[in-house]
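Below you'll find the structure, written out as structure tokens, and then a few comments.
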Amino acid sequence: MFKNLKVYSLNVSVTLALAILLAQPFYNGSVHAQLIYTDEVVEVKISKGSSDTNNTQFYAPPEVQVAAGNSIKWTNNDNIIHTVTQGKPSGGGNPAGFNSGPIQVGGTFEHFFDESGSVDYYCTIHPHMIGKVIVNPY
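The opening residue of the sequence shown carries number -17 in the numbering used here; numbering runs sequentially from there.
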């Protein structure tokens, strides 16, 4: 009776080890990263005439959503230099956040978002230009 028990125990151990070995190629840690980072780049346009305070849309779209692990690319379609700076005009830019520096006419700035949350941004040259990024979790 004990002899059969040892064989049964050995069969369970071998079966379990074989299952782990066969499952390993399907999960090696990179699967999670591949699902998260889709290399999506969301486009935001700096509208022509954005420096005019009477303009109703400075960034198009003014609020944009992106999944964490992806980027937003701003393109300056105006005929004047602008910036894209994290923060609010009243509180100044976020020193730990992103800051495009001057974006020339026709130029672009791209930023990678890796944490979920709400991110305000504005143009330091024209502080009436405000926008928002909603970063959704993975």
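Built from N, CA and C at the ideal position, the CB exists for glycine as well.
**Burial state of N118 (16 or more Cβ within 10 Å)** = Stepping through the sequence shown from its first residue, residue 118 is reached at position 136. Result: exposed.
**Boundaries (first-last residue) of the beta strand (DSSP E) holding T67** = Taking the first residue of the sequence shown as position 1, residue 67 is located at position 85. T67 -> beta strand (DSSP E) spans 67 to 70.
**Sequence-distant residues of the same chain with beta carbon closer than 7 Å to G88, five excluded per side** = Along the sequence shown, one-based indexing puts residue 88 at 106. So the qualifying residues of the chain are N58.
**Item:** Sequence ranges, beta strand (DSSP E) only - wholly within the region 87 to 117, length at least 3
**Value:** 90 to 95, 99 to 104
**Request:** Go to S53, then tell me how far its beta strand (DSSP E) extends in each direction, as first and last residue.
**Result:** Within the sequence shown, numbered from 1, the residue matching residue 53 stands at position 71. Taken as a continuous stretch (DSSP letters only), the beta strand (DSSP E) holding S53 covers 52 to 58.
**Prompt:** Per DSSP, what kind of secondary structure is A78 in: helix, strand or coil?
**Reply:** Within the sequence shown, numbered from 1, the residue matching residue 78 stands at position 96. Three-state result, A78: coil.
**Request:** Pair every Cβ in the region 29 to 36 with every Cβ in the region 90 to 98, then say whether three or more of these pairs are closer than 8 Å.
**Result:** no
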